[in-house]
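Just below is one structure, and these are the notes that go with it.
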Amino acid sequence: MDALGVIGVGALARAMVLALHRAWPETAFHLSPRNALIAAQLQDAVGASVHGTNQQVADTCRTVIIGVRPAQLQSLAAEVRFSAHHQLWVLSAGTPLADLQRLFAPAHVMRLMTGLAVEGGHSAISCHPPDAQVQALWQRACAAVVPLEDEAQFEASVLAVCANAWWLDQLSAMRHWLVEHTGMAPEKAQALLAHNMADVAQMLALNPERSAADLARFIGSPGTYTGLGLDHLLATEAHQPWQQALELVWARILEPK
Ligand SMILES: NC(=O)c1ccc[n+]([C@@H]2O[C@H](COP(=O)([O-])OP(=O)(O)OC[C@H]3O[C@@H](n4cnc5c(N)ncnc54)[C@H](OP(=O)(O)O)[C@@H]3O)[C@@H](O)[C@H]2O)c1
Numbered sequence: 136m137d138a139l140g141v142i143g144v145g146a147l148a149r150a151m152v153l154a155l156h157r158a159w160p161e162t163a164f165h166l167s168p169r170n171a172l173i174a175a176q177l178q179d180a181v182g183a184s185v186h187g188t189n190q191q192v193a194d195t196c197r198t199v200i201i202g203v204r205p206a207q208l209q210s211l212a213a214e215v216r217f218s219a220h221h222q223l224w225v226l227s228a229g230t231p232l233a234d235l236q237r238l239f240a241p242a243h244v245m246r247l248m249t250g251l252a253v254e255g256g257h258s259a260i261s262c263h264p265p266d267a268q269v270q271a272l273w274q275r276a277c278a279a280v281v282p283l284e285d286e287a288q289f290e291a292s293v294l295a296v297c298a299n300a301w302w303l304d305q306l307s308a309m310r311h312w313l314v315e316h317t318g319m320a321p322e323k324a325q326a327l328l329a330h331n332m333a334d335v336a337q338m339l340a341l342n343p344e345r346s347a348a349d350l351a352r353f354i355g356s357p358g359t360y361t362g363l364g365l366d367h368l369l370a371t372e373a374h375q376p377w378q379q380a381l382e383l384v385w386a387r388i389l390e391p392k
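Heads up, the sequence shown is in my numbering, so the first residue is 136 and it goes up one at a time.
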């Protein structure tokens, strides 16, 4: 890809630009003017050009990441003119493809979803609708590309991204416990837990034919310390608040905008 525009240079767009730069160093990045701090970082990191208006970005690039929040889409669409040659990658969660196509007509619109760790090439990226060219481009820049024909399934992929913050919160509670009960240095406790969290992903990757529940019971077999804790978590339905968080966010995503 020769050039990529970004309108809405926020946290997620920044991470995606860094990932693409590593995979496709010849790509020239063209940024919209708001968020001077991130724009300056990307100027330094990838030699990005910062334009004076959003329209200049659209006039320079055929492929443009739309990185604004859902509530900012309407005003952006009213301000910038796109042509039928444009391909827009919209990151906003909760706005259906049909609405985006209407807003940005006659541009071709796709939806992409990923997490901030894409910056280091570690996140999966889901896309809707599937597009072989875009998938090939991202295949080199992130851990996995998940094309989703069904838009509800695509929408639900944001829940997996949201869960990153929930895992971190859980890790924080365990870190606190280790520090309080054993006097372990907080950074040591955090590093220990983080390494073990990475082990979980590794185990799942090494055993794609086994379910997560099966692996949990394999490690936490009866009579082991792990099994003792696992039995307690299952008996007290510790997964329930997580299910409720999923329901809560899903209902909010589906609310008419
Ligand atoms: N962050 C995540 O982990 C994550 C995960 C999954 C999905 N998403 C989705 O990704 C999208 C972006 O999230 P984010 O966390 O990156 O948001 P963010 O950091 O708030 O970035 C949005 C950026 O867009 C800029 N902006 C707003 N209106 C604009 C306009 N008319 N023209 C040019 N720039 C404009 C904002 O500038 P100002 O600061 O000046 O307002 C801000 O820099 C959201 O729609 C969200 O649903 C994010």
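Glycine included, each C-beta is placed from N, C-alpha and C at the ideal position.
When the options are compared against residue i, the one with the closest alpha-carbon
i    : options                   : result
R169 : M151, V192 and W159       : V192
M136 : I142, P160, L341 and L306 : P160
G256 : V296, A154, A242 and T198 : A154
G202 : P321, Q379, R157 and W224 : W224
A150 : A276, L235 and Q190       : A276
Q190 : A329, F217 and I388       : F217
A175 : V269, Q379, A291 and V144 : V144
W302 : A271, L235, Q274 and A336 : A336
M309 : L177, N331, M338 and S346 : N331
G250 : A298, P231, A219 and A206 : A298
A329 : D304, A347 and V141       : D304
V124 : S307, Y360, E254 and A370 : This structure gives no information on residue 124, because the portion of the chain shown stretches from 136 to 392.
Q236 : A252, A148, L208 and I173 : L208
A252 : W385, A300, V314 and V141 : A300
A410 : I200, R352, F239 and A326 : Coverage of the chain is limited to positions 136 through 392, which leaves residue 410 absent and any answer about it impossible.
S292 : W385, H156, V141 and Q270 : W385
V296 : P343, I260 and D234       : I260
L272 : V141, I142 and H156       : H156
Straight-line gap, residue i to residue j (C-alpha atoms, nearest Å)
i    : j    : result
L247 : K323 : 36 Å
V281 : C262 : 6 Å
P376 : E382 : 10 Å
E290 : I388 : 8 Å
Q325 : S307 : 8 Å
Coil, strand or helix - residue i by DSSP
i    : result
A279 : strand
V269 : helix
V144 : coil
M332 : helix
R345 : coil
A163 : strand
V215 : coil
M136 : coil
H243 : strand
Sub-8 Å separation of residue i and residue j beta-carbons
i    : j    : result
T162 : A138 : yes
G229 : K392 : yes
T195 : H221 : no
G362 : S356 : yes
L232 : V244 : yes
A183 : V152 : yes
I200 : V269 : no
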